[in-house]
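Here is the structure we will look at.
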Amino acid sequence: MLTRTSLRAAGGLLAVGALALTMSACSSKSNASGGGSGSKASAATSAADLGGMDALVAAAKKEGALNVIALPPDWANYGGLISGFKAKYPGITVNSANPDGSSADEVNAIKSLKGQTRAPDVVDVGQSFAISGVADGLYAPYKVATWSAIPDTLKASDGSWVNDYGGYISIGCDGAKVASCPTTLAALNNPAYKGKVALNGDPLKANAAFSAVWAASLAKGGSLDDIQPGIDFFGQLAKAGIYKPVQASAATIESGETPIVLDWDYLNAAKTTDVNGKGGKWTVAVPSDAQFPAYYAQAISKYAPHPAAARLWEEYLYSVEGQNGWLKGGARPAEMTAMTSAATIDKTLAAALPAVSGTPTFPSDAQTTKAKTTLTAKWAAAVG
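Next up, the structure:
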């Protein structure tokens, strides 16, 4: 089970001392050659500001390292993407900290590790944390070479954050342990599912779980402007003992503790081989009563200790190779429409995505902020 959002706590404030356990041992203050907030790279808003891609690559190699955080190898093929980046740019060490961390942990690390060589250079966060990070002045604007291929609705106009990959909230279900798998969110309110329904994390801090509650609102008559029906619905499921407030994991699915999991379609789909290989019958359905899409967002830390490597990482992720890398992980890359038109998309991988109908509607920044505020105020009272 993919547990990027498993390390959640009230308010999202976790001890950050362990965030860099997997990073290379360095001095506590940034002294990377060519790096740090005072370097020319830290002010670059495009590769052109540094003299072009060759100059950016040279600057990144001079820094010699890239710090990433909260990127599980099996989440949207991040393992493959990191390997691809290292192969393309030898000499740059990728330090991956707290792979099972949350969006809240990522933002917290930028604040708490500011000025240290182990601080994150880049983050990959849920949309609400992209918005709040800008408000807190944490991100450095940057526009990749393929900027025009990214829809305007999937990026901040100044490049302070850019959506990278996304998917739809889905229902994963083990047919070996559930007699009839639900295909709608409304159908979850069924005594037959008592103690069987779980989320990927705490909705107050986990973007996937937060989005599942929002999707439930759409299924129960709410809207992108009103998440309350979703909160009420989970309150009903909790009261009936259907919703199980535990972190769904590979172990809980295998044991039968959480045979029904609401999560992104690409994450649920990634469980199929593992679950079925152990005697399960895992299926994935995008609920017909609530097609809720969302993207995660890339951002460069304003205080990145390796600012050139951070920008080179973004260039790689938004290249054809990087975008198809996310597609290999079952996620829909931000440049998918443009790449389809340009015939650079991997057609086989694209065809394997779960089928959905209609045109997706994405929440606005204002709607996301409003939904998060409402959930924070009402969730605990609703579910206990």
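Numbering (mature numbering (1 follows the signal peptide of the UniProt record, and there is no 0)), first residue to last: -20 to -1, 1 to 364.
Note that beta-carbon positions come from the ideal geometry of N, C-alpha and C, so glycine has one too.
The structure presented is a predicted model; accordingly, all values stated were derived computationally and were not measured.
Three-state secondary structure (DSSP) of residue i
i, result
"P313", "strand"
"A277", "strand"
"T238", "coil"
"D254", "helix"
"V37", "helix"
"T324", "coil"
"G181", "coil"
"S137", "coil"
"Y223", "strand"
"S19", "coil"
"Y246", "helix"
"G302", "helix"
"S108", "helix"
"L333", "coil"
"I49", "strand"
"Y122", "coil"
"S4", "At S4, the pLDDT of 32 sits below 50, so the modelled position is not reliable; the number obtained from the coordinates is stated separately. S4: coil per DSSP, three-state reduction."
"S128", "helix"
"V102", "strand"
Residues near residue i in its chain [Cβ-Cβ closer than 7 angstroms; skip 5 each side]
i, result
"F272", "Y148, I149, S191, W194, A195, L198"
"I111", "D345, T348, T349"
"L165", "A195, A196, A199, P267, D269, A270"
"I211", "V193, L355, K358, W359, A362"
"Y58", "L51, P52"
Exposure of residue i, with buried meaning 16 or more beta-carbon neighbours within 10 Å
i, result
"M33", "exposed"
"T253", "exposed"
"K157", "buried"
"S108", "buried"
"S281", "buried"
"K258", "exposed"
"K219", "exposed"
"S19", "buried"
"K327", "exposed"
"T263", "buried"
"D101", "buried"
"V177", "buried"
"T339", "exposed"
"residue 420", "Examination of residue 420 is not possible in this model, given that the chain is present from -20 through 364 alone."
"G201", "exposed"
"S140", "buried"
"T97", "buried"
"D243", "buried"
Residue i - containing alpha helix (DSSP H), residue span
i, result
"I211", "208 to 219"
"L30", "Per DSSP, L30 belongs to no alpha helix (DSSP H) and is neither H nor E."
"D345", "345 to 363"
"A84", "83 to 92"
"S63", "58 to 68"
"A288", "287 to 297"
Residue i vs residue j beta-carbon contact at 8 angstroms
i, j, result
"Y246", "A56", "yes"
"N169", "L134", "no"
"L184", "W293", "no"
"V114", "A136", "yes"
"V87", "V105", "yes"
"D154", "I233", "yes"
"N180", "S83", "no"
"A305", "G60", "One point to set straight first is that residue 305 is Gly, not Ala, in the sequence displayed. A contact, by the Cβ cut-off of 8 angstroms."
"G81", "I49", "yes"
"A314", "D138", "no"
"A45", "N78", "no"
"A250", "D29", "no"
"A288", "L93", "no"
"R312", "A21", "no"
Cβ-based neighbour list, residue i, same chain, cut-off 8 angstroms, excluding 5 preceding and 5 following
i, result
"T163", "I151, A265, P267, S268"
"M316", "Q303, L307, I325, A330"
"T320", "A330"
"V226", "A178, T232, E237, T238"
"N256", "W262"
"G64", "Y296, E301, G302, G305"
Close Cβ partners of residue i (< 6 angstroms) along its chain, the five nearest in sequence each way excluded
i, result
"Y298", "V124, T126"
"V363", "F214, G215, A218"
"S13", "Unreliable positioning characterises S13 in this predicted model, as indicated by a pLDDT of 39, which lies under 50. A coordinate reading is not provided."
"T73", "A45"
"T353", "none"
"L204", "P343, Q347"
"S26", "K123"
"V300", "T324"
"I241", "With the sequence shown as reference, residue 241 is identified as Val, and Ile is not the correct amino acid for it. Counting only Cβ-Cβ distances below 6 angstroms, and skipping sequence neighbours, we find G152, A178, A228."
Where the beta strand (DSSP E) through residue i begins and ends
i, result
"residue 369", "Outside the displayed range of the chain (-20 to 364) lies residue 369, so it cannot be described from this structure."
"S191", "Premise fails: S191 lies in the alpha helix (DSSP H), 187 to 199, not in any beta strand (DSSP E)."
"S76", "73 to 77"
"A265", "262 to 265"
Residue i: CB within 7 angstroms of a non-hydrogen atom of the ligand GTP
i, result
"D101", "The ligand GTP is absent from the structure shown, which contains no ligands of any kind."
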